[in-house]
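Take a look at the structure below.
2 protein chains.
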Amino acid sequence: MLLSVGELAKRCGLTVRTLHHYDAIGLLVPSSRSDAGYRLYGRQDIERLHRIQALRRLGLSLADIGTALSGSDMPLTEVIDRQLAQIECELTQAQRLKRQLIALREQLVTGQSPDLAHWLDTLELMTMYEKYFSPEELQRFPMLTQADSQAEWVAMVGMIQSLVDRGTPPDAHEAQILALRWMTMLGRDTGGNADFLNRLDKMYTQEPALQALSRITPEVHRFVRRAVMEARMAIYARYLTPEELAFARAHYLDQMDDWPPLIAALQREIAAGTPADAPAAMTLAQRWLELFRGYAGDDPATHRRFRQAHENEPELLAGSFVTPALLDYVRQIFQAIAASRTPA
Amino acid sequence: MLLSVGELAKRCGLTVRTLHHYDAIGLLVPSSRSDAGYRLYGRQDIERLHRIQALRRLGLSLADIGTALSGSDMPLTEVIDRQLAQIECELTQAQRLKRQLIALREQLVTGQSPDLAHWLDTLELMTMYEKYFSPEELQRFPMLTQADSQAEWVAMVGMIQSLVDRGTPPDAHEAQILALRWMTMLGRDTGGNADFLNRLDKMYTQEPALQALSRITPEVHRFVRRAVMEARMAIYARYLTPEELAFARAHYLDQMDDWPPLIAALQREIAAGTPADAPAAMTLAQRWLELFRGYAGDDPATHRRFRQAHENEPELLAGSFVTPALLDYVRQIFQAIAASRTPA
DNA sequence: CCTTGACCCTCACGTAACGTCAGCCCATAA
DNA sequence: TTATGGGCTGACGTTACGTGAGGGTCAAGG
């Protein structure tokens, strides 16, 4: 019942070289040799090889198999759990990759971006997005996965750029219209999630290459900001005194970038079910007031006029990520603050 | 805008060594060097690196990335499809592994087989089964995945072995009972699929190690065969003449192993919806008759008595993988044969 | 001017699990 | 006797880097 390497290899579906290797590293040393030096494998050897193969199929390394079979009492559950964790990780990776590959092939097949360069750009974009957003988030992110949304953004950026090129001022009517559409698209494609918006911003500031890829230059970005401001100011103009309007216009941009983080924080509290009289909520409301005063000043009469404007002009919230529900929550907090002050 | 290796590495989340490597293999050669020989990466280099990273995330090898970026018009769809096929393969592999690991951990946790040796045996069994059965088939295979079924088989084999050890004759009543239970369990655990049974047989003959692992020695196997025969003969005895019974007993075992392949073939035809008058079906029926005549002889009167026995004793089909539906199909074929003969 | 610490350079070996020769030995059958 | 089909050892190749060794470079501080 002694087998030569070739015979054993054939019976076990391995190559001779593999058995040589196992011999060399001491994992499976044939128990005897012929006079001519041929390896001869006995029953024990074959049994050991079967176990080796079994453990190999679990993905264990040859070294691990060696220690496992050397009788060392390594806890089996640990080995299994380790392998399981490993495989779990590989599985999610592979699934991510598969989704991505399918999306890319989709792009190729639908005839979008037939040239290598543009295709690579898209790919690059995707990998960047993956650095900042989780797979689940990306799945709800139409900008990348859906070619039409992507095309829409390309067109939008192109239009803004052409406005900039032609020297159109940000307070031109068409600029305001476009900028508001920009913000609305942002709201739509982020699902109204201000946190997404923040991370998008972070990504754009941290990845210079992104600007080249998306054609969203800082210039374009600034233009949109200003045009959005002008659009809102045009509405406020119908409610404020010229002095108030001038003050607002002078300070609106200063803290414009501070709103999204605040809104995101409020969205988190709402999602968490934080009551309006919780300290965390109150702190946020304080911040809200602070930002508001930044361009509205401190006069309660002015504040009333701003409120009036917001009550009559829902368009002021277009693309601001502020929903009526969120406004309501903020109002509740202010009431809670007032209530807590009165008795004191 | 020139970056050193360290800076570029930090910005892209790579190691310096990796960039050195890319330089060495010509994948990303910095466009310039400082006087001291420091690598200096320019805008173009950074762009190229981004693309390299993007393609890497798709799982492409560095060599493939090199050719892809060298402007050679390698069809992109082909690359993607290749990667997709690859990942698909890996995915199924990983899923198989995961299932297996979970099953093994289950075994460990439920306290079954606390010792390494037995655990390895189980593992070995699993890998062997995997060589002969597809993953889907194994999922419907309780013998391995369910510890209770496995224990049942161990007990069963033990009981048969003890009968053999005690020298119990195969026609002993207890032997017949056990053997029939054996066959019934086989039918249950293979889902009544005769093809499974065939492959099990093939596996047991081709894998000597399996006999040691399962304790199903050829001796045990032969004993079960004979005991099953004796059980059936005991029933036939009530219907046949002593001469007929003696003839049947003398020849029954000869072709006992030829029935499962035939039954499997019939099951396939039934599943395929082959009509009873198809040539393929007729050939199988001829084979059926041939096997039947092997132990029943050629006398129509004897055949009638066999039929009588089968009509009155459904137990004759216990563990035979022959269902009433299959019998009905065979009967239809015989009618078709008779019909095709009469007009001729 | 010298040192210190952070970078940078090249060279070269190591990794895991074998594949693939090369050069030579052994066995068996025509 | 020789052709053919194993088998033996030794050694290099594969992938995508990690990890030093041994030695320059640069900016800042003493």
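Read top to bottom, the protein sequences are chains A and B. Using this note's numbering, the letters of the first sequence map in sequence onto residues 537 to 880. Using this note's numbering, the letters of the second sequence map in sequence onto residues 537 to 880. All C-beta atoms in this analysis are idealised placements derived from N, C-alpha and C, irrespective of residue type, glycine included. Bear in mind the structure is a predicted one, so any value in this text is a computation, not a measurement.
List, in chain order, every chain A residue whose beta-carbon is nearer than 7 Å to that of residue i.
i: GLN619 (chain B); result: LEU637
i: ARG593 (chain B); result: THR663
i: GLU660 (chain B); result: HIS586, ARG587 and ALA590
Among the options, which one has its Cα closest to the Cα of residue i?
i: TYR668 (chain A); options: A:LYS738, A:MET692 and A:TRP655; result: A:LYS738
i: ASP834 (chain B); options: B:LEU733, B:ILE713 and B:ALA784; result: B:ALA784
i: THR663 (chain B); options: A:ILE623, A:HIS586 and A:LEU714; result: A:HIS586
i: ASP813 (chain B); options: B:GLN868, B:GLU849 and B:ARG768; result: B:GLN868
i: ARG592 (chain B); options: B:ARG575, B:ILE616, B:ALA621 and B:GLY573; result: B:ILE616
i: MET818 (chain B); options: B:ARG676, B:LEU722 and B:ARG877; result: B:ARG877
i: HIS839 (chain B); options: B:PHE857, B:GLU851, B:TYR775 and B:ASP793; result: B:TYR775
i: TYR788 (chain A); options: A:PRO797, A:LEU802, A:TYR772 and A:ALA801; result: A:TYR772
i: ALA763 (chain B); options: B:TYR574, B:PHE842, B:GLU710 and B:ASP581; result: B:GLU710
i: THR720 (chain B); options: B:ARG579, B:PHE857, B:ALA572 and B:SER570; result: B:PHE857
i: LEU852 (chain A); options: A:ARG618, A:THR777, A:ARG717 and A:ALA874; result: A:ARG717
i: TYR577 (chain A); options: A:LEU637, A:ARG547 and A:ALA604; result: A:ARG547
With burial defined as no fewer than 16 other Cβ atoms inside 10 Å of the residue's Cβ, what is the status of residue i: buried or exposed?
i: GLN844 (chain B); result: exposed
i: HIS556 (chain B); result: exposed
i: GLN643 (chain A); result: buried
i: ASP864 (chain B); result: exposed
i: GLN871 (chain A); result: exposed
i: ILE561 (chain B); result: exposed
i: PRO566 (chain A); result: buried
i: PRO811 (chain B); result: exposed
i: ILE601 (chain A); result: buried
i: GLY855 (chain A); result: buried
i: GLN742 (chain A); result: exposed
i: ILE799 (chain B); result: buried
i: GLU780 (chain A); result: buried
i: GLU805 (chain A); result: buried
i: VAL756 (chain A); result: buried
i: ILE713 (chain A); result: exposed
i: PRO706 (chain B); result: buried
i: VAL645 (chain B); result: exposed
i: ASP725 (chain B); result: buried
i: GLN882 (chain A); result: The shown model of chain A, from 537 to 880, leaves out residue 882 (chain A), and the question about it has no answer.
Find the residues of chain B that neighbour residue i, judging by a C-beta separation of less than 7 Å, and give them in chain order.
i: GLN589 (chain A); result: THR663
Please list the partners that residue i has in chain A, where partner means a Cβ-to-Cβ separation under 9 Å.
i: VAL654 (chain B); result: Here the sequence assigns His to residue 654 (chain B), which means Val is not the residue at that position. Those within 9 Å of HIS654 (chain B) in chain A number zero; the least Cβ separation is about 11 Å.
In chain B, what lies closer than 8 Å to residue i by C-beta?
i: ALA745 (chain A); result: ILE582, GLU583 and HIS586
i: ILE616 (chain A); result: LEU637, LEU640, ARG641 and LEU644
In three-state terms, what does DSSP make of residue i?
i: TYR577 (chain B); result: strand
i: ARG569 (chain A); result: strand
i: LEU539 (chain A); result: strand
i: ARG717 (chain A); result: helix
i: THR726 (chain A); result: coil
i: TYR740 (chain A); result: helix
i: GLU849 (chain A); result: coil
i: VAL756 (chain A); result: helix
i: SER597 (chain A); result: coil
i: SER685 (chain A); result: helix
i: SER606 (chain A); result: coil
i: PHE783 (chain A); result: helix
i: ARG774 (chain B); result: coil
i: ALA801 (chain B); result: helix
i: PRO705 (chain A); result: coil
i: GLY830 (chain A); result: helix
i: ILE561 (chain B); result: coil
i: ASP954 (chain B); result: Residue 954 (chain B) lies beyond the stretch modelled for chain B, which goes from 537 to 880, so this question has no answer here.
i: PRO811 (chain A); result: coil
Answer yes or no: the CB of residue i versus the heavy atoms of the ligand MG, is any distance below 7 Å?
i: TYR668 (chain B); result: Among the components modelled here there is no ligand, and therefore nothing to report on the ligand MG.
Short of 8 Å Cβ to Cβ, which residues in the segment 624 to 645 of chain B face chain A? GLU624, GLU626, LEU627, ALA630, GLN631, LEU633, LYS634, GLN636, LEU637, ILE638, LEU640, ARG641, LEU644 and VAL645
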